[in-house]
Structures are given as C-alpha cells and as structure tokens.
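For reference, the structure is listed below as structure tokens.
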Amino acid sequence: MEEIRLVCDEGPVRIDAWISSKLEDYSRSYIQKLIDDELVTVNGKRVKSNYKLKKKDEVLVSVPEPEKLDVAAEKIDIEVLYEDEDIIVVNKPKGMVVHPAAGNYSGTLVNALMEYCGDELSDINGIIRPGIVHRIDKDTSGVLVVAKNNKAHEKLSAMLKEHDINRVYNAVVEGVIREEQGKIDAPIGRHPVDRKKMAVNIKTGRRAVTHFKVLERFKDSTYIELRLETGRTHQIRVHMSYIGFPIAGDEVYGRKKQRHDIKGQALHARILGFRHPAKDGYVEFEAPLPDYFIHLLETLRSS
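Printed below as a string of structure tokens:
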C-alpha cells in the first residue's frame with residue numbers, strides 16, 4: 000500500500016476536492032471511496048468526505064495496490080526513433096493509448112512494447128505501466144521516451160520533476176493569434192464540475208507554464224510551436240482553450256462544432272531532449288509531423 004503525505008496549504012476547503020486537485024491521477028469519486036474506506040486521515044484521525052480542511056492540516060492518503068491485471072504482449076508496429084540498453088524512444092501515433100486503463104486493456108503502446116522489448120522494461124510503475132516515464136494523450140502524436148531499467152527510469156523521472164526536459168510541440172489552433180509569441184502562466188487542476196476534465200483553477204491548481212510562438216497564420220487558424228515549462232495533465236489543451244485559441248479538433252476543450260475534418264486534436268509532440276540517464280551529454284529526438292497534420296496545413300494554405 001502506497002502512503003502519500005500532504006500538508007494543506009489553504010482552507011477551509013473540502014477534503015475530497017482538495018486531495019483530488021493535488022493528486023491528478025485519482026478522481027474525486029476514488030478519493031471519496033478511500034475516505035469512506037477509512038484510508039485517509041487528518042492529523043491522525045479519520046474523517047468524512049465533507050470534512051473541511053484547515054491550513055497546515057496534515058493529510059495521509061493510503062492507496063491500495065492496484066488490482067493485478069494480465070497485460071498481454073501484442074504484435075503492434077511501433078516507430079522506434081532510438082534505442083540502447085537504457086532507453087527506447089518512440090513516435091507514438093495518433094489514436095494510440097499509452098498504457099492500459101479502464102476500457103483500454105489492449106492495443107496500447109505498453110502492449111506493443113512488451114512484445115518488442117520482452118522483459119527489458121523498468122518495473123517501477125508496476126504491471127500496468129512498465130517503462131512508462133511520461134505520457135501523451137491518446138489523440139496527441141509524437142515522441143515519447145521509455146525506460147528499460149529502473150535506474151534510467153528514476154533519473155528520467157527526476158528530470159521531469161525538476162522541469163529539466165526539453166519538450167516542444169506543434170499545433171494548429173482555432174482563431175488568429177496576433178502576437179508573435181507569448182507565455183501562459185496559469186495553474187491547472189481538476190475542473191470544479193466535470194471531474195474528468197482539467198481546467199485553469201486559481202484556487203486549487205498547480206503552477207503550469209506554456210510558451211508559444213506563431214509559425215504561420217491562416218484565415219481563421221494559426222499554426223504554432225509550444226514549449227512546456229511544466230507538465231500538467233492536458234496542459235497545452237487547457238491553456239490554449241483558456242486564452243481563447245483551442246486546439247483544432249479538440250472535442251473536450253475546443254469548439255462544439257469543429258471546422259476541420261480531423262479526429263482528435265491537431266497536436267504533435269515534435270521534440271524531446273534531455274541528458275541521457277546513463278551516458279554523458281544531452282540527447283535530442285525529433286518526430287516528424289504526421290501525414291494528417293501535413294494534410295491539414297496544406298488544406299489551410301490552399302484555402
């Protein structure tokens with residue numbers, strides 16, 4: 000059982016809402032279940048889901064081990080950009096989920112990696128996410144690094160935590176951005192109403208910073224490059240929607256009626272750079288724009 004210790008930095012605030020804003024991998028309903036199962040304490044005492052935390056309250060969350068699932072290796076073609084004894088860098092296609100989860104137990108990148116790498120994947124994240132250090136959304140394509148051993152995994156995770164990894168994305172957004180470049184510094188947390196979504200949340204969000212630069216303007220869209228300073232869930236999609244320029248094709252944070260004939264957001268993780276976890280020096284990998292993205296740009300240029 001994993002124990003997570005937190006100290007409340009505000010108040011008064013409902014404990015279930017506050018914990019789910021701090022632990023982005025867990026839904027509010029799951030946190031409520033942990034509280035009902037007496038796996039959450041405040042200052043050493045059990046509480047209910049509607050308990051109001053006060054500033055400096057000490058919270059202990061005990062998370063049970065996940066149910067063991069039989070994740071099978073599957074022969075699925077993956078594009079390998081680089082590989083050595085410590086890491087493997089892949090170009091994840093649009094539409095592929097990174098690791099198994101509810102509703103997606105097959106056809107994921109992990110299923111493909113298990114077939115490709117055998118048992119040469121780190122086991123820090125357990126049977127569900129072997130080797131997975133970071134994720135990109137199902138409908139976001141692009142470069143992703145996977146750890147083959149625990150030492151490499153720990154070093155890469157530390158770099159992510161310290162924001163010491165260079166991550167550059169390309170996107171097409173709705174609307175014409177007039178500025179040449181900009182910085183979005185707005186905290187991101189769980190959406191206050193729809194817990195499946197993220198949102199800019201000044202009260203309970205965690206700091207999130209995205210830099211953008213305009214590459215090309217069209218009649219009603221803009222082609223941009225983005226650099227992540229932090230790595231919150233759905234960060235680029237939430238930030239661009241927040242400033243009024245949602246990612247084209249984004250069915251969650253974008254327009255209800257999409258202008259472009261694409262499935263899912265036009266967002267591509269193009270560059271990933273970091274210090275190699277086992278060798279000296281900085282390494283950088285680039286995933287070229289996928290065909291759907293190139294076709295979208297050609298269509299915008301011709302119109």
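If you read the sequence shown in numbering that gives the first Met the number 0, its first letter stands for residue 0, the second for the next number, and so on. Cβ coordinates follow ideal geometry from the N, Cα and C atoms, glycine included.
Beta-carbon proximity check, residue i vs residue j, cutoff 8 Å
i, j, result
"Q234", "V213", "no"
"V60", "V41", "no"
"I135", "F273", "no"
"V142", "L271", "yes"
"K147", "G130", "yes"
"R302", "K218", "Arg is not the amino acid found at residue 302; the sequence shown has Ser there. Yes; because the gap between Cβ atoms is below 8 Å, this pair is in contact."
"S48", "D24", "no"
"E64", "M113", "no"
"V144", "I201", "no"
"L296", "Y222", "yes"
"K93", "D138", "yes"
"V283", "R269", "Here the sequence assigns Glu to residue 283, which means Val is not the residue at that position. No, the pair does not count as a contact, with Cβ atoms beyond the cut-off."
"R13", "K51", "yes"
Cβ separation of residue i and residue j, assumed to be a contact under 8 Å, to the nearest whole Å
i, j, result
"V89", "I75", "Not a contact, Cβ separation roughly 11 Å."
"E228", "H162", "6 Å"
"S156", "V175", "Going by Cβ atoms, the distance from S156 to V175 rounds to 39 Å, so no, they are not a contact pair."
"I127", "V62", "Contact doesn't hold; Cβ gap of about 14 Å is too wide."
"H238", "A185", "6 Å"
"R205", "I187", "6 Å"
"V109", "V70", "7 Å"
DSSP-derived helix/strand/coil call for residue i
i, result
"L38", "coil"
"L22", "coil"
"D236", "For the sequence presented, residue 236 should be read as Arg rather than Asp. The answer is helix: DSSP assigns R236 an H, G or I state."
"L299", "helix"
"N49", "coil"
"F284", "strand"
"Y168", "strand"
"I3", "strand"
"F217", "coil"
"L309", "Since the first residue shown for the chain is 0 and the last is 302, residue 309 is missing from the structure and cannot be characterised."
"N110", "helix"
"H210", "strand"
"K44", "strand"
"V122", "With the sequence shown as reference, residue 122 is identified as Asp, and Val is not the correct amino acid for it. Residue state, collapsed to three classes: coil."
"Q180", "strand"
"F244", "coil"
"Y29", "helix"
Chain-order list of residues whose beta-carbon lies under 8 Å from that of residue i (same chain, five-residue window excluded)
i, result
"N149", "S121, D122 and I123"
"D56", "V6, C7, G10, V41 and N42"
"F292", "S140, N169, V171, A265 and H267"
"E82", "V88"
"L159", "V132, H133 and G230"
"Q257", "A247, G248 and E250"
"E178", "V213"
Residues near residue i in its chain [Cβ-Cβ closer than 7 Å; skip 5 each side]
i, result
"A111", "E73, I75 and I77"
"Y115", "I77"
"S26", "S19 and R194"
"E37", "R45"
"K21", "L5"
"K154", "P276"
Chain-order list of residues whose beta-carbon lies under 6 Å from that of residue i (same chain, five-residue window excluded)
i, result
"K196", "H190"
"R226", "V167 and H210"
"E119", "K147"
"V208", "D184, E228 and T229"
> Per the contact definition of three or more C-beta pairs closer than 8 Å, is the segment 164 to 174 in contact with the segment 240 to 248?
Replying inline: yes
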